[in-house]
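Q: Questions regarding the structure given below will be posed in turn.
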Amino acid sequence: MSDQHTRTATPTRPYAVPGVLVPTPGQTIGPFYHYALPYEGGELLVPPGTPGAVQLHGTVTDGAGAGLQDALLEIWQCDPAGRPVQRQGSMHRDGHTFTGFGRVSTRRDGHYSFTTLEPGPSAPGRAPFVAVTVFARGLLNRLFTRIYLPDDTDALAADPFLRSVPEDRRPTLVAAREPDGSLRFDIRLQGDDETVFLRFPRQEL
6 MSDQHTRTAT PTRPYAVPGV LVPTPGQTIG PFYHYALPYE GGELLVPPGT PGAVQLHGTV
66 TDGAGAGLQD ALLEIWQCDP AGRPVQRQGS MHRDGHTFTG FGRVSTRRDG HYSFTTLEPG
126 PSAPGRAPFV AVTVFARGLL NRLFTRIYLP DDTDALAADP FLRSVPEDRR PTLVAAREPD
186 GSLRFDIRLQ GDDETVFLRF PRQEL
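Numbering (the working numbering), first residue to last: 6 to 210.
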């Protein structure tokens, strides 16, 4: 048998050059969300029927406008008095303790829904909002945004953060009040009316 049939080629490995460090390639996260992260009652910050309870719902869509079925959303919020809620034990669900935290995965059509209480303003001069974190297939890093309540237009106009956002982009951060009293907030990852996404330290959520 000739050498050309028995010789084994040595592959080139440019990433193994001595003394040269090359960053590890980026990896997508998942899609593993439906396997371990959702937990029983994660979408229920309060049980349905609780006085003051409201449904916060919407659809997560991709750049083509299609619903994203394997996204996962987390929300943090103040209570109706505007008080920050203790994060310790945030996944606890006992039917009466409001922890201010929720986690839910989207359905096949990209729809999500939480049952919660409407937050109060966290400080004078600020409009009430819910902080949102978005995880999804293809995202190398999670995304942050906010859901502002739509009713107090004066508070929205005066809010320091919203005033820092270009006026034509602010509506992507404000929920819509549905006829049944629920709050609808669609999250568009790309394309027309793409949701404004934020960059700030986790502790400020």
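A virtual CB, placed ideally from N, CA and C, is assigned to each residue, including glycine.
Between Pro133 and the rest of its own chain, which residues show a CB-CB distance below 6 Å, the 5 nearest in sequence each way excluded?
A: Pro124, Gly125, Pro126 and Leu154
Q: Measure from the alpha carbon of Val137 to the alpha carbon of each residue in Pro165, Gln60, Leu178 and Pro85, then state which is nearest.
A: Leu178
Q: So is Val27 buried or exposed if we call it buried at 16+ other beta carbons inside 10 Å?
A: Val27 comes out exposed.
Q: Between the alpha carbons of Ser169 and Gly47, how many angstroms are there, rounded?
A: 32 Å
Q: Any idea what DSSP makes of Glu183, helix, strand or coil?
A: coil
Q: Can you tell me whether Val25 is buried or exposed, with buried defined as 16 or more other CB within 10 angstroms of its CB?
A: With fewer than 16 Cβ atoms within 10 Å of its Cβ, Val25 is classed as exposed.
Q: Give me the Cα-Cα distance between Glu211 and Asp157, rounded to the nearest whole angstrom.
A: For the chain, the structure presents residues 6 to 210; residue 211 sits outside this window and is missing.
Q: Do Gly116 and Thr64 have their CB atoms nearer than 8 Å?
A: Reading off the sequence, residue 116 comes out as His, not Gly. A contact, by the Cβ cut-off of 8 Å.
Q: On the DSSP bridge list, what partners appear for Gly72?
A: Thr66
Q: From which residue to which residue does the alpha helix (DSSP H) around Thr102 run?
A: Premise fails: Thr102 is in no alpha helix (DSSP H) and is neither H nor E.
Q: For the beta strand (DSSP E) containing Arg211, list its first residue and its last residue.
A: No information on residue 211 is available, as it lies outside the stretch 6 to 210 that the chain covers here.
Q: Quick one: is Asp197 buried, meaning 16 or more other Cβ sit within 10 Å of its Cβ, or exposed?
A: exposed
Q: Is Ala58 helix, strand or coil by DSSP?
A: strand
Q: Identify the continuous beta strand (DSSP E) that holds Gly107 and give its terminal residues.
A: Per DSSP, Gly107 belongs to the beta strand (DSSP E) from Phe106 to Ser110.
Q: Looking only at its chain, what residues have a beta carbon closer than 6 Å to the beta carbon of Asp67, apart from the 5 residues adjacent to it on each side?
A: Leu73 and Leu194
Q: For a test of the three-state rule: what should DSSP assign to Ala136, helix, strand or coil?
A: strand
Q: Run the CB neighbour count on Gly105, radius 10 Å, all protein chains shown included, and call it buried at 16 or more, exposed below.
A: buried
Q: Output needed for Trp81: all residues of its chain with C-beta closer than 7 Å, excluding positions within five of it in sequence on either side, in chain order.
A: Gly105, Phe106, Ala136 and Leu210
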